[in-house]
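I have placed the structure first, in the form of structure tokens, so that the comments after it can refer back to it.
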Amino acid sequence: MSETTNYDLVVIGGGPAGYAGAIRAGQLGKKVACVEMERAGGTCLNWGCIPSKALLKSAELYSKIQKAEIFGLKVGKVEYDFEKVIGRSRRVADQMAKGIEFLFKKNKVDYIVGKGQVIVPGMIEITDGKEKGKILKADKILLATGTKARRLPGLEVDGDRVMTSREALVMKKQPKSIVIVGAGAIGVEFAYFLGAFGTKVTLVEMLPQIVPVEDDEVAKVLSRAFDKMGIAQHVGVKVENVQVGKDSVKLDLVKGDARETVEADAVLLAIGVTAYLDGVLSPKVSLKTDRGYVTVNDSYETSVPGIYGAGDLIGPPWLAHVATYEAIQAVNGMFGAGKPKRVNNFPGCTYCIPQVASTGMTERAVKEKGIAYKVGKFPFTASGKAVASADSDGFVKVISEEKTGEILGVHIIGPEATELIAEYCLAMDMEGTIDEIHHTIHAHPTLSEALAEAAAATHGQAIHI
Ligand SMILES: Cc1cc2nc3c(=O)[nH]c(=O)nc-3n(C[C@H](O)[C@H](O)[C@H](O)COP(=O)(O)OP(=O)(O)OC[C@H]3O[C@@H](n4cnc5c(N)ncnc54)[C@H](O)[C@@H]3O)c2cc1C
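With our numbering applied, the sequence shown covers 755 to 1219.
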């Protein structure tokens, strides 16, 4: 007979939603298990945020060292070892995943490596792995199984000529040329990474601009920076007729009646994600979904009482920090540790150079809503710290409601944009106005002064422009 253990909560999936939810339940003194079929940390730590940022750091440093002369430094010929660049990224991922395993122990979370399936509400079976056949009984279940990369119909991912981000993170050989399909955060980050190391990159996007969710002006500045790097960009274009050969891939870029064939060593698909529910639910359990994503109510409970969902699995935005937030809210709610909140403001960051970060609405969205608004903008060329660092491409753009000064959207492109955005996230969470940012004293010289200057610029009161 299979072994049965009782839990207050069983979490399926050990990514930023799952591990955070499990740890939170541990903090609340609950008996909790986290079932993960690959490795604790999920996509984010193993195949997403963290290893990609390690690669991007190598690329950034490589580019910086080549510009050492600007700083009065002389360096010899700068070389790199692609295998070691990838190797470091894997070690970083491994270190972070181990960290989660440690946190599970610290918080008394039972970590079960295996595939979990909800057989009926309140009961999970381990269907694969060392503990196959084990049954877990749970008062509550949190589904946090994330997403998988979307593929092009009929195109096999072979990890060599055709890749998704997962295969690209462990590339054995640097391609001399690559077509990246999809210019969202993931596509753009790989374009920067490979472009910085000299791969001939062609970036293709179906929508009218690269980084389609970002403000138009931000996309323009990034596009110019990519032009300078020699990254070819095609927007408003569909990919058709992909032909995988022994040594290369050919595909057609179609725009209206025009068709152009491009050829490259490889193609990387960065065209979004779909919900991962393979084998997660037995045929006896049926949950309401919307376009494949699990539907949850304001307490993150699915259509089946006692089964909750959080993270990428419940739909966009597909971001690690959002996944963590949702899971913590869900767990707090299920154990009476606070009324769960749904996600309202969140930052979105892209870690190419120049970095891109934003929160709230784009100017286009504000216009479409017919809201009366003002824009305050400050370029990094006017920031002493940015110029001293020879890193002054980009700007801070703040969009606020005309009468009240309520912050509606903030768009940063430039140095440390992904760190700077936090100040405006806090301000928006506290329902602050641009005046509060303007009148907060920011240390000099720092990049953060640009945040206050952009707010001041709304009323024509920026000092340095
Ligand atoms: C290349 C790349 C770069 C990214 N960069 C960023 C970034 O910089 N910032 C950011 O915020 N986001 C980034 N993301 C997105 C981020 O990784 C996800 O938003 C985040 O991982 C979602 O967390 P999650 O817990 O919902 O799902 P996941 O992290 O996908 O975790 C789900 C886990 O569930 C497990 N699982 C699935 N089914 C079962 C089962 N039946 N039994 C047991 N386990 C199961 C999977 O193995 C997986 O580990 C990136 C993604 C990619 C691919």
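Ideal Cβ positions, reconstructed from N, Cα and C, are used throughout, including at glycine.
Residue i to residue j, Cα distance in whole Å?
i	j	result
Gly1114	Thr956	30 Å
Met917	Ala903	10 Å
Gln997	Ala1020	11 Å
Val935	Leu1180	34 Å
Leu1031	Pro1133	45 Å
Glu855	Arg920	22 Å
Val1152	Val1164	5 Å
Glu1122	Asp1052	27 Å
Thr758	Ser1036	18 Å
Met986	Val839	In the sequence under discussion, the amino acid at residue 986 is Ala, which differs from the Met named in the question. Approximately 24 Å between the Cα atoms of the pair.
Phe951	Tyr816	8 Å
His1213	Gly1102	27 Å
Ala1171	Gly949	21 Å
Lys821	Glu833	14 Å
Gly913	Ala922	7 Å
Gly768	Val911	25 Å
Met755	Gly870	Unreliable positioning characterises Met755 in this predicted model, as indicated by a pLDDT of 49, which lies under 50. A coordinate reading is not provided.
Glu959	Gly772	32 Å
Ala1081	Leu896	8 Å
Lys982	Tyr761	56 Å
Gly990	Asp969	17 Å
His1075	Asp1011	42 Å
Ala898	Cys788	10 Å
Glu1207	Gly1168	15 Å
Pro875	Phe944	41 Å
Leu810	Ser1112	19 Å
Classify residue i as buried or exposed, calling it buried when 16 or more other Cβ atoms lie within 10 Å of its own Cβ.
i	result
Glu790	buried
Ala1077	buried
Glu1229	The chain is shown from 755 up to 1219; residue 1229 falls before or after that span and cannot be answered.
Asp835	exposed
Asp1147	buried
Arg1096	exposed
Ile1219	exposed
Asp1183	exposed
Ser1202	buried
Glu994	exposed
Asn1098	exposed
Ala1216	buried
Whose CA, out of the options, lies closest to the CA of residue i?
i	options	result
Pro805	Val786, Glu823, Ala847	Ala847
Lys894	Tyr865, Gly1130, Ile1061, Tyr1054	Ile1061
Ile889	Leu909, Ile866, Lys811, Ile1167	Ile866
Glu1177	Phe1100, Ala1140, Ile1107, Glu1117	Phe1100
Cys803	Gly767, Cys788, Arg844	Arg844
Lys1131	Val765, Thr1158, Glu971	Glu971
Gln928	Tyr1047, Glu837, Asp762	Glu837
Ala1018	Val1048, His1193, Lys1004	Lys1004
Glu1155	Met850, Ala1126, Glu968, Gly841	Ala1126
Thr1187	Glu1207, Thr1158, Ala1204, Gln1215	Thr1158
Gly853	Leu809, Leu1007, Arg793	Arg793
Phe1149	Tyr946, Val933, Ala1211	Ala1211
Pro770	Gly1168, Tyr1079, Lys1009, Ala808	Tyr1079
Val1016	Ser1057, Val933, Asp1001	Val933
I want to see whether chain C comes within less than 9 Å of residue i, judged by CB atoms only; does it?
i	result
Lys1000	Of the protein chains in this structure there is only one, and it is not chain C.
- Ignoring anything shorter than 3 residues or poking outside the stretch 969-1048, list the beta strand (DSSP E) runs there in chain order. 986-989, 992-998, 1003-1009, 1012-1018, 1020-1023, 1027-1029
- Query: Where are the beta strand (DSSP E) runs, 3 residues long or more, that stay fully inside the stretch 1087-1126, in chain order?
  - Reply: 1101-1104, 1109-1114
- Task: Please list the segments of the beta strand (DSSP E) lying wholly inside the stretch 812-892, counting only runs of 3 or more residues, in order along the chain.
- Result: 863-867, 869-874, 877-882
- Inspect the CB distances between the stretch 1080-1090 and the stretch 779-790 and report whether three or more fall short of 8 Å. yes
- Item | Minimum length 3: unbroken beta strand (DSSP E) runs contained in the stretch 925-951 | 931-935
- Task: Take every Cβ of the stretch 1183-1203, pair it with every Cβ of the stretch 1130-1144, and state whether three or more of those distances are shorter than 8 Å.
- Result: yes
- Which runs of the alpha helix (DSSP H) fall wholly inside the stretch 890-923 and span at least 4 residues, in chain order? 919-922
- Length-filtered (4 minimum) alpha helix (DSSP H) runs lying within the stretch 1134-1179: Counting whole runs of 4 or more residues, the stretch 1134-1179 contains the alpha helix (DSSP H) stretches 1138-1142.
- Task: Could I get the ranges of all uninterrupted alpha helix (DSSP H) runs contained in the stretch 773-810, with 4 residues as the minimum, in chain order?
- Result: Counting whole runs of 4 or more residues, the stretch 773-810 contains no alpha helix (DSSP H) stretch at all.
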